[in-house]
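Chemist: There's a structure below that I have some questions on.
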Amino acid sequence: MVRAVVGANWGDEGKGKITDMLAEKADIIIRFQGGANAGHTIVNNYGKFALHTLPSGVFYDHTTSIIGNGVALDIPTLFKEVKSITDKNVPMPKLLVSDRAQMVMPYHVLFDTYEEARLAGKSFGSTKSGIAPFYSDKYAKIGFQVSELFDEVALKEKIERVIVQKNVLLEHLYHKPLLKADEIFNTLMEWKKMVEPFVCDTSAYLHEAIKAGKNILLEGQLGSLKDPDHGIYPMVTSSSTLAGYGAIGAGIPPYEIKQIVTVVKAYSSAVGAGAFVSEIFGEEADELRKRGGDGGEFGATTGRPRRMGWLDIVATKYGCRMQGTTDVAFTVLDVLGYLDKIPVCVGYEIDGKVTTDFPTTTKLEKAKPVLEVLPGWKQDIRGIKKYEDLPENCRKYIEFVEEKIGYPITMISNGPARSDIIFRNK
2 MVRAVVGANW
12 GDEGKGKITD
22 MLAEKADIII
32 RFQGGANAGH
42 TIVNNYGKFA
52 LHTLPSGVFY
62 DHTTSIIGNG
72 VALDIPTLFK
82 EVKSITDKNV
92 PMPKLLVSDR
102 AQMVMPYHVL
112 FDTYEEARLA
122 GKSFGSTKSG
132 IAPFYSDKYA
142 KIGFQVSELF
152 DEVALKEKIE
162 RVIVQKNVLL
172 EHLYHKPLLK
182 ADEIFNTLME
192 WKKMVEPFVC
202 DTSAYLHEAI
212 KAGKNILLEG
222 QLGSLKDPDH
232 GIYPMVTSSS
242 TLAGYGAIGA
252 GIPPYEIKQI
262 VTVVKAYSSA
272 VGAGAFVSEI
282 FGEEADELRK
292 RGGDGGEFGA
302 TTGRPRRMGW
312 LDIVATKYGC
322 RMQGTTDVAF
332 TVLDVLGYLD
342 KIPVCVGYEI
352 DGKVTTDFPT
362 TTKLEKAKPV
372 LEVLPGWKQD
382 IRGIKKYEDL
392 PENCRKYIEF
402 VEEKIGYPIT
412 MISNGPARSD
422 IIFRNK
């Protein structure tokens with residue numbers, strides 16, 4: 002069976018923890034899109050980790066971790082990450098890398114950094130991991146697949162051809178040093194040595210695994226609202242964040258994805274620029290940020306303080322719809338235990354009219370939140386294992402959200418550890 006774990010909103014929903022937990026019963030975990038630009042924070046018996054490229058199921062010795070063809074593969078970052086976990090006594094993961102995955106080239110990070118600096122106040126809030134230039138090259142058909150590392154003559158010729166274009170930009174737009182073909186080739190040969198033992202046709206491997214009835218987990222990065230087609234364009238990422246893309250980014254048939262677990266946070270947070278209707282500021286935001294997550298709401302990749310807000314039903318309902326949600330995993334519910342009253346954004350007021358449908362970006366920029374206030378439960382809910390043992394107002398909050406978004410909440414995370422989870426049968 003194939004199940005996907007994806008985000009409903011702007012990312013940072015707690016997908017890493019849910020993947021890590023579900024991986025206990027999985028044979029294979031696949032990253033199918035994105036790159037090292039986002040991070041998943043995991044707390045388990047080995048310690049606390051921020052993963053960026055490795056799937057969140059690498060901590061189990063029975064799992065195989067796959068870097069799918071849809072991933073923006075930063076080879077040195079991947080192996081630095083492998084070392085960072087094995088240094089903490091995690092067993093070396095069983096790792097496979099798709100021969101069709103494309104590589105984040107040394108110059109992609111440079112171009113990302115130069116362009117953000119050039120845009121200054123109009124920048125996209127990039128993590129400067131090279132992601133936009135990488136996908137730009139992929140779709141301009143001047144990217145480099147992992148398989149190309151194994152034909153040195155063709156590789157040299159292609160590098161020469163591609164850097165002509167890059168050097169025009171470096172010289173005339175950015176006024177930066179030019180690229181040298183031999184330096185890039187030598188770097189790629191170092192990368193080849195690192196990645197060669199792990200490269201295979203992962204799509205063929207997965208075809209056999211599905212036939213054999215293996216449990217397979219697709220791990221998405223970011224969330225619905227960062228999707229380049231269906232998100233808050235242009236303040237989005239550069240690869241599709243939707244479960245449907247999992248079939249493409251992993252190389253499996255779409256009809257094999259049987260369960261789509263969409264992760265929803267009990268409040269909202271976002272890193273980077275873009276419309277965020279339910280955003281809060283000042284002391285109210287600082288307090289929620291300080292209490293949020295495990296050790297505060299700061300980006301796993303950037304360390305930037307996340308923007309904070311109340312749960313946005315409009316965005317969440319839309320995000321769940323776009324994912325094709327079968328199950329909602331509701332996370333960080335324990336964080337809200339300090340509040341007397343909990344506001345929830347239930348609609349958007351745009352040009353004097355209230356809507357509960359998520360609009361396109363131009364309208365979104367004008368939206369004001371319509372808030373409904375629910376009573377808090379004023380107690381610590383960590384350690385509770387059964388749904389019926391949660392405080393009444395806590396259950397009412399969950400049931401209110403479930404009714405408004407229209408998708409079943411079957412998992413509730415009430416703490417950062419793998420075991421802090423309540424399963425709820427629907």
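Under the working numbering, read the sequence shown as residues 2 to 427, first letter to last.
The C-beta atom is built at its ideal place from N, Cα and C for all residues, glycine as well.
(1) Which word fits Tyr256, buried or exposed, when buried means at least 16 other C-beta atoms lie within 10 angstroms of its C-beta?
(2) Measuring CA to CA, which of Glu14, Arg307, His63, Thr242 is closest to Ala27?
(3) Look up Val329 in the DSSP assignment and say whether it is helix, strand or coil.
(4) What number of angstroms, rounded off, separates the C-alpha of Arg425 from the C-alpha of Glu400?
(5) If I measure Cβ to Cβ from Pro198 and keep anything under 6 angstroms in the same chain, skipping five residues before and after, which residues do I get?
(6) Where does Glu350 fall in DSSP's three states?
(7) Can you check whether the CB of Val272 is closer than 8 angstroms to the CB of Cys346?
(8) For the alpha helix (DSSP H) containing Ile132, list its first residue and its last residue.
(9) Tell me the rounded alpha-carbon separation between Ile410 and Thr317.
(10) Pull the bridge partners of Cys201 from the DSSP assignment, please.
(11) Assign Pro56 to one of two classes, buried (16 or more other C-beta atoms within 10 Å of its C-beta) or exposed (fewer than that).
(12) Looking at Ile343 and Ala5, is the spacing between their C-beta atoms short of 8 angstroms?
(13) Count the C-beta pairs between the segment 15–29 and the segment 328–337 that are closer than 8 angstroms, then say yes if the count reaches three, no if not.
(14) With 16 other CB atoms within 10 Å as the buried threshold, where does Arg32 fall?
(15) Could you give the first and the last residue of the continuous beta strand (DSSP E) run that contains Asn45?
(16) Spatial neighbours of Asp202 within its chain, please: C-beta separation below 7 angstroms, excluding the five flanking residues on both sides.
(17) Exposed or buried, which one is Arg308 when buried takes at least 16 other CB atoms within 10 Å?
(18) Can you give the beta carbon distance from Gly377 to Asp341, rounded, assuming they're within the 8 angstroms contact cut?
(19) For the ligand COA, is there any heavy atom lying closer than 7 angstroms to the beta carbon of Lys354?
(20) Determine, using beta carbons only, whether Val110 and Lys129 come nearer to each other than 8 angstroms.
(21) Is Met106 helix, strand or coil when you go by DSSP?
(22) Are Ile233 and Leu365 touching if we call contact CB-CB under 8 angstroms?
(23) Assuming Leu96 and Tyr206 form a contact by the criterion Cβ under 8 angstroms, report the distance between their Cβ atoms to the nearest whole angstrom.
(24) Leu391 and Leu218 - do their beta-carbons sit closer together than 8 angstroms?
(25) Given Glu298, which residues of its chain have a CB within under 6 angstroms of its CB, disregarding the five upstream and five downstream residues?
(26) Between Ile132 and Glu389, what straight-line distance do the alpha-carbon atoms span, to the nearest angstrom?
(27) May I have a chain-ordered list of the beta strand (DSSP E) segments no shorter than 3 residues that lie completely inside the segment 50–105?
(28) Do you know offhand how far Met2's Cα is from Lys215's?
(29) Name the residue from Glu393, Ile249, Ile423 whose alpha carbon lies nearest to the alpha carbon of Gly71.
(30) CB-CB under 6 angstroms to Ala73, same chain, minus the five flanking residues each way: which ones, in chain order?
(31) Short of 8 angstroms in beta carbon distance, which residues of its chain neighbour Trp192, apart from the five on each side in sequence? Order them along the chain.
(32) Which residue comes first and which comes last in the alpha helix (DSSP H) that contains Gly182?
(33) Here's the rule I'm using: 16 or more other beta-carbon atoms within 10 Å means buried, otherwise exposed. How should Asn415 be labelled?
(34) Please report the straight-line C-alpha distance between Pro417 and Gly247, rounded to a whole angstrom.
(35) Is Glu280 helix, strand or coil when you go by DSSP?
(36) Just mark His231 as buried or exposed, buried being the case when its beta carbon has 16 or more other beta carbons within 10 Å.
Modeler: A quick look at the data gives this:
(1) Numbered from 1 along the sequence shown, position 255 holds the residue referred to as residue 256. The residue in question, Tyr256, is exposed, as its Cβ has fewer than 16 Cβ neighbours within 10 Å.
(2) Your numbering for residue 27 matches position 26 in the sequence shown. Of the candidates Glu14, Arg307, His63, Thr242, the one whose C-alpha sits nearest the C-alpha of Ala27 is His63.
(3) By 1-based counting over the sequence shown, the position of residue 329 is 328. Val329: strand per DSSP, three-state reduction.
(4) Stepping through the sequence shown from its first residue, residue 425 is reached at position 424. Stepping through the sequence shown from its first residue, residue 400 is reached at position 399. C-alpha separation (whole angstroms): 12 angstroms.
(5) Here residue 198 corresponds to residue number 197 of the sequence shown, with the count starting at 1. Excluding residues within five positions, none has a Cβ falling inside 6 angstroms.
(6) Counting from one through the sequence shown, the residue named residue 350 turns up at place 349. Reduced to three states, the DSSP call for Glu350 is strand.
(7) Taking the first residue of the sequence shown as position 1, residue 346 is located at position 345. Taking the first residue of the sequence shown as position 1, residue 272 is located at position 271. No, the pair does not count as a contact, with Cβ atoms beyond the cut-off.
(8) Here residue 132 is taken as the residue at index 131 of the sequence shown, counted from 1. That run of the alpha helix (DSSP H) goes 132–140.
(9) For this step, residue 410 is matched to residue 409 along the sequence shown. For this step, residue 317 is matched to residue 316 along the sequence shown. Cα to Cα, Ile410 sits roughly 12 angstroms from Thr317.
(10) The count along the sequence shown starts at 1 and reaches residue 201 at position 200. Cys201 pairs with Ser99.
(11) Within the sequence shown, numbered from 1, the residue matching residue 56 stands at position 55. That one is buried.
(12) Locating residue 5 in the sequence shown gives position 4, where the first residue counts as 1. Locating residue 343 in the sequence shown gives position 342, where the first residue counts as 1. Not a contact, by the Cβ cut-off of 8 angstroms.
(13) yes
(14) Reading the sequence shown from its first residue, position 31 is the one you call residue 32. Burial call: buried.
(15) As a first step, residue 45 is located in the sequence shown; it is residue number 44 there, counting from the start. It spans 41–45 - the beta strand (DSSP E) in which Asn45 sits, taken as one unbroken run.
(16) Counted from its first residue, the sequence shown places residue 202 at position 201. Only Asp100 meet the Cβ criterion.
(17) Stepping through the sequence shown from its first residue, residue 308 is reached at position 307. Its Cβ being crowded by 16 or more others within 10 Å, Arg308 is buried.
(18) Counting from 1 along the sequence shown, the entry for residue 377 is found at position 376. Counting from 1 along the sequence shown, the entry for residue 341 is found at position 340. Indeed, because the Cβ distance is near 5 angstroms, the residues count as touching under 8 angstroms.
(19) In terms of ligand content, the structure shown is empty, and the ligand COA therefore cannot be addressed.
(20) By one-based count along the sequence shown, residue 110 stands at place 109. By one-based count along the sequence shown, residue 129 stands at place 128. Contact: yes.
(21) In the sequence shown, the residue the question calls residue 106 occupies position 105. In this structure, Met106 counts as coil in the three-state DSSP scheme.
(22) By 1-based counting over the sequence shown, the position of residue 233 is 232. By 1-based counting over the sequence shown, the position of residue 365 is 364. Yes.
(23) Here the question's residue 96 lines up with position 95 in the sequence shown. Here the question's residue 206 lines up with position 205 in the sequence shown. Actually they are not in contact, since the Cβ atoms of Leu96 and Tyr206 sit about 12 angstroms apart, beyond 8 angstroms.
(24) Locating residue 218 in the sequence shown gives position 217, where the first residue counts as 1. Locating residue 391 in the sequence shown gives position 390, where the first residue counts as 1. Cβ distance not < 8 angstroms, so Leu218 and Leu391 don't count as in contact.
(25) In the sequence shown, residue 298 corresponds to position 297, counting from 1. Closer than 6 angstroms at the Cβ level, and outside the excluded window around Glu298, lie Ser270, Arg290, Arg307.
(26) Stepping through the sequence shown from its first residue, residue 132 is reached at position 131. Stepping through the sequence shown from its first residue, residue 389 is reached at position 388. Cα-Cα distance, rounded: 44 angstroms.
(27) 65–68, 95–99
(28) Working through the sequence shown from its first residue, we reach residue 2 at position 1. Working through the sequence shown from its first residue, we reach residue 215 at position 214. Cα-Cα distance, rounded: 6 angstroms.
(29) For this step, residue 71 is matched to residue 70 along the sequence shown. Here the closest residue by C-alpha is Ile249.
(30) Counted from its first residue, the sequence shown places residue 73 at position 72. The residues are Gly36, Val105, Ile132, Phe135.
(31) By one-based count along the sequence shown, residue 192 stands at place 191. So the qualifying residues of the chain are Ile76, Pro77, Met104, Leu150.
(32) In the sequence shown, the residue the question calls residue 182 occupies position 181. The sequence as given places Ala at residue 182; Gly does not occur at that position. 182–196 is the extent of the alpha helix (DSSP H) around Ala182.
(33) Stepping through the sequence shown from its first residue, residue 415 is reached at position 414. Asn415 is buried by the Cβ-count criterion.
(34) In the sequence shown, residue 417 corresponds to position 416, counting from 1. In the sequence shown, residue 247 corresponds to position 246, counting from 1. Near 26 angstroms, if we compare the C-alpha coordinates of Gly247 and Pro417.
(35) Residue numbering aside, residue 280 sits at position 279 when the sequence shown is read from its first letter. Note: Glu280 maps to strand in three-state DSSP.
(36) The residue labelled residue 231 in the question sits at position 230 within the sequence shown. Per the 10 Å Cβ criterion, buried.
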